[in-house]
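There are 2 protein chains.
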Amino acid sequence: MQTKFLLDEKDIPTHWYNVVADMPNRPYPPLGPDGKPLPPEAMLAIFPGNLLEQEMSGDRWIPIPDPVREIYRLWRPSPLVRAHRLEQVLGTPARIYFKYEGVSPAGSHKPNSAVPQAYFNKVAGINRLTTETGAGQWGSSLALAAQMFGMEARVYMVKVSYHQKPFRRSMMQTWGAEVFPSPSELTQAGRRILAEDPDNPGSLGIAISEAVEEAASRKDTNYTLGSVLNHVLLHQTVIGQEAKKQFELAGDYPDMIFAPCGGGCNLAGISFPFFADKLAGDKRAQNLRIVAVEPASCPTLTKGVYAYDFGDASGYTPLMKMYTLGHDFMPPGIHAGGLRYHGDAPLISQLVHERFYEAIAVHQVATFEAGVTFARAEGIIAAPESCHAIRACIDEALRCKETGEPKVLLFNLSGHGHFDMASYDKYFAGELEDYEYPEEAVHAALERLPKVAA
Amino acid sequence: MQTKFLLDEKDIPTHWYNVVADMPNRPYPPLGPDGKPLPPEAMLAIFPGNLLEQEMSGDRWIPIPDPVREIYRLWRPSPLVRAHRLEQVLGTPARIYFKYEGVSPAGSHKPNSAVPQAYFNKVAGINRLTTETGAGQWGSSLALAAQMFGMEARVYMVKVSYHQKPFRRSMMQTWGAEVFPSPSELTQAGRRILAEDPDNPGSLGIAISEAVEEAASRKDTNYTLGSVLNHVLLHQTVIGQEAKKQFELAGDYPDMIFAPCGGGCNLAGISFPFFADKLAGDKRAQNLRIVAVEPASCPTLTKGVYAYDFGDASGYTPLMKMYTLGHDFMPPGIHAGGLRYHGDAPLISQLVHERFYEAIAVHQVATFEAGVTFARAEGIIAAPESCHAIRACIDEALRCKETGEPKVLLFNLSGHGHFDMASYDKYFAGELEDYEYPEEAVHAALERLPKVAA
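Chains V and Z supply the protein sequences, listed in that same order.
If you read the first sequence in the working numbering, its first letter stands for residue 1, the second for the next number, and so on.
If you read the second sequence in the working numbering, its first letter stands for residue 1, the second for the next number, and so on.
Set out below in structure tokens:
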């Protein structure tokens, strides 16, 4: 029985797919501090014009430059795998597939956007980049990408992850990047937070503030973001485009797609090309369900509000219409660091709000339990973020077992867990906690939402 | 320019290639404690009959059972990659290729033999396995393989590696294995060594003694070995068979093959199928050079003696004719734990002794330097063991730059370094040492070689 569905390098997509061209409703624009739509030029201090064009574009297809495809060749196309052994272990009639993005040198889907972001900055004359990272997946991807184009990179890494995952830092340094724990003393934003709370464990929102502040204050330096923005989601659509071709090889088509959802980019990457089928009236996609899987401890889509909010903790970014728990909400220190974000991509938020996409929240211990089941069946040890999708997919496969439905389930195995073994250790030692939904903290954070006419 | 040469699952080899059938001279038999050739039955206490048959076989091709190929499908065929970017960085006219075995769930070539060893034990009615591991690559592969066939596994891990690489242990536990630092209190061999030296850092030789002792003393338990023996080298030939097909796709053929050499199995795996071409008079292979790359601190092939010696520290194993530094030689605690072995596979030793294969030794710091150059060019962070092959290949590519020769160089990238980042950290911190050849220790150990008529 065929297990892996592989493509040739010539099958690496030549264009990114821009869902904005096909969305039933137009996206809400980002707003400036005055509450008025932000002109793209306002962001030129931290982004190059070519990426801002992509950010605002309504074109359906955006060409992938050859130098970017050359780097993609180092690991793409990634495999689509039929999880025969997992199906057997579960005893499910469902057919389970996963797209494995852990084959990239950085170990996740993140280089799919890091590489073009570095490239477009390079051609715009920028040679130095800053960014934030949570679990380290994005930071290491940006370090890799910067190195590929001979650029400098500085990474602000959420402090709790910096200490949980020292080897992600080593990896970034191997690729030549500088790494600092955030909040740091290097920026006003960091110093302000440390003055209030020297033990602050950090958050993606804070790290973004630091990286943005540095980029805004230096002419030679731009900022890069690992998720949330339209152009980041755009770049990730190579995943879903490949997966569609691979499903043709398999002679199959998914009924449900699951992806972990922190900022939203890996969910967007795997699902937008299939969602396009649905919007285009493709019969196979008629009943397609797309499910964002988020942590119960940072339940942006399932318990947040849909409102304009800042992308970072300090209010440096434009206001974006998204599901949010409040920009200064401090999520618990769960082990899926990549999912500790107060907001969500505006495009994903809108699709959830308009009921095209679904969202569910799962608890931490259950995600590791699913990860161990998966590792023992399929060999691969998944990143804690990816374990969220595995959990949801296994739960659906078990429902299929009850009902006898042979559903086709696809999940995005967004990364491996080789740098997350300390978390697996805690799981085995029974030391992992399930955090309750932090109702009061969210309530307080939502009180501080910026006042904007929605 | 094509980067990866990929094969389909149907191209996974159907047979292992047994070099014994084609070697110019027959291998020397293993000897018993009495100095007489050992009857295979003598090893039935720790190995199943089906694997012993492979160990003694002179058949050229040995079929790979379907259940083994089913597991191979989880990651095989592995990619052959043209290192365009490394060539550019070096400015060499050489064409550099690497076979990337780090795509297996355990991150190295080791599951190629762990899976069949578990399988053949399973069909022989054994449900529990012991083994040793140095860097953890073999132990995690055996843990994975045992899990795939629903068997128990206990791993004795060399103590220095156990502490250098705690996450290799976590990985083994994720796949359900028990792991103990060696020397341990669990065996006579371990207790004896700890009594003499409570701080003994362990060695592969000691860990083998412990795992063999336990297997020999329990009827339900067999022993598995990660390298050295004929059947282990045999299983690894899937690497070279695939690489040959991939070179056909590339329209190329190697002039030189480099592989790290500890016990010898990954070198055997990549090179035997090409060596068969040379023995068969294939014109392309006429001048093929095959190079074993070992650490200067444990220079078995380059400074050892070719003699009958034990495979383990305590003298439990049969005597094997091989290059050895003495079975109780204690190699320095270098970071390429998989290369800290006093001996070498008898088949590899014989081919080196008879001048069919070459051997060189490289220093530790230079291997990490090569690994960083490679990571910055090709993205992949290599295991310290693999960095030995990279070092030798880069040195040859730089010689080609001087001479202008467009040689075709192939190396076996036997594993990734995701569990070796602490070693990279030490390299960056300037804390890595180059150990001199430990002449006196080797001399003393060689004095203790068993007296056998050679």
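Where is the CB? At the ideal position from N, CA and C, for every residue including glycine.
By the rule that beta-carbons nearer than 8 Å mark a contact, Z/Y323 does not touch chain V.
Neighbours of Z/W175 in chain V, taken as residues at a C-beta separation under 7 Å, are given in chain order as A375 and R376. With contacts defined by Cβ atoms closer than 8 Å, Z/Y306 and Z/S209 do not form a contacting pair. In the assembly as shown, V/N287 is an exposed residue. Its beta-carbon has fewer than 16 other beta-carbons within 10 Å.
V/E294 has V/A361 as its beta-bridge partners, per DSSP. The continuous beta strand (DSSP E) containing V/A259 extends over residues M256 to P260. Bridge pairing for V/K426: absent [DSSP]. Only exposed fits V/H443, as fewer than 16 other CB atoms lie within 10 angstroms of its CB. Taking the Cα of Z/Y253 as reference, the smallest distance to any Cα among Z/V232, Z/G263, Z/H231 and Z/D277 is reached at Z/D277. Between V/L446 and V/F329, the alpha-carbon positions lie close to 8 Å from each other.
The count of Cβ pairs closer than 8 Å, one atom from the region 102 to 116 of chain Z and one from the region 83 to 92 of chain Z, stays below three, leaving the stretches out of contact. Counting other Cβ atoms within 10 Å of its Cβ, V/K36 stays below 16 and is therefore classed as exposed.
According to the DSSP assignment, V/M320 belongs to the beta strand (DSSP E) that extends over L319 to T324. Z/F419 sits close to V/H418, with the two beta carbons spaced by under 8 Å.
The shortest CA-to-CA distance from Z/H235 to any of Z/G311, Z/S113 and Z/L319 is the one to Z/S113. Of all residues in the region 152 to 179 of chain Z, the ones placed with a Cβ closer than 9 Å to any Cβ belonging to chain V are P166, F167, R168, R169, S170, M171, Q173, T174, W175 and G176, in chain order. Looking at the backbone, the Cα of Z/L449 and that of Z/E242 are separated by about 39 Å. Listed as beta-bridge partners of V/G415 by DSSP are V/S108. With respect to the 8 Å criterion, V/H416 and V/G136 are not classified as neighbours on the basis of their beta carbons.
If you look at V/L80, you'll find it in the beta strand (DSSP E) that goes L80 to R82. Within the DSSP secondary-structure output, V/S182 pairs in a beta bridge with V/V158. Contacts between Z/R95 and chain V, judged by CB atoms closer than 9 Å, are missing: the closest CB pair is about 16 Å apart.
Taken in chain order, the whole alpha helix (DSSP H) runs of length 4 or more contained in the region 184 to 219 of chain Z are 188 to 196 and 204 to 217.
In this structure, Z/A268 lies near Z/L347, with their beta-carbon atoms less than 8 Å apart. Taking a contact as a CB-CB distance under 8 Å, the pair Z/L319 and Z/F310 counts as one, their CB atoms being some 6 Å apart.
Taking a cut-off of 8 Å on C-beta distances, the region 45 to 65 of chain Z touches the region 222 to 240 of chain Z, as three or more cross pairs fall below it.
Linking Z/V228 to V/Q364 through their CA atoms gives a straight-line distance of about 43 Å. By the neighbour-count criterion, in which a residue is buried when 16 or more other Cβ atoms sit within 10 angstroms of its Cβ, V/S217 is exposed.
When V/A146, V/V291, V/V115 and V/Y28 are compared, the shortest CA-CA separation from V/L129 is found for V/A146. Distances from the CA of Z/G240 to each of Z/Y97, Z/G190, Z/A377 and Z/K407 were compared; the closest alpha carbon is that of Z/Y97. The Cβ of V/F428 sits closer than 8 Å to at least one Cβ of chain Z. For Z/A45, the secondary structure class from DSSP, reduced to helix, strand or coil, is coil. The alpha helix (DSSP H) runs lying completely inside the region 107 to 142 of chain Z and spanning 4 residues or more are 111 to 123, given in chain order.
The alpha-carbon separation between Z/G264 and V/I390 amounts to approximately 38 Å. Counting only runs that start and end inside the region 331 to 405 of chain Z, the beta strand (DSSP E) elements of at least 3 residues fall at 358 to 362. Below 8 Å, too few C-beta pairs join the region 142 to 161 of chain V and the region 343 to 360 of chain V to call them touching: fewer than three.
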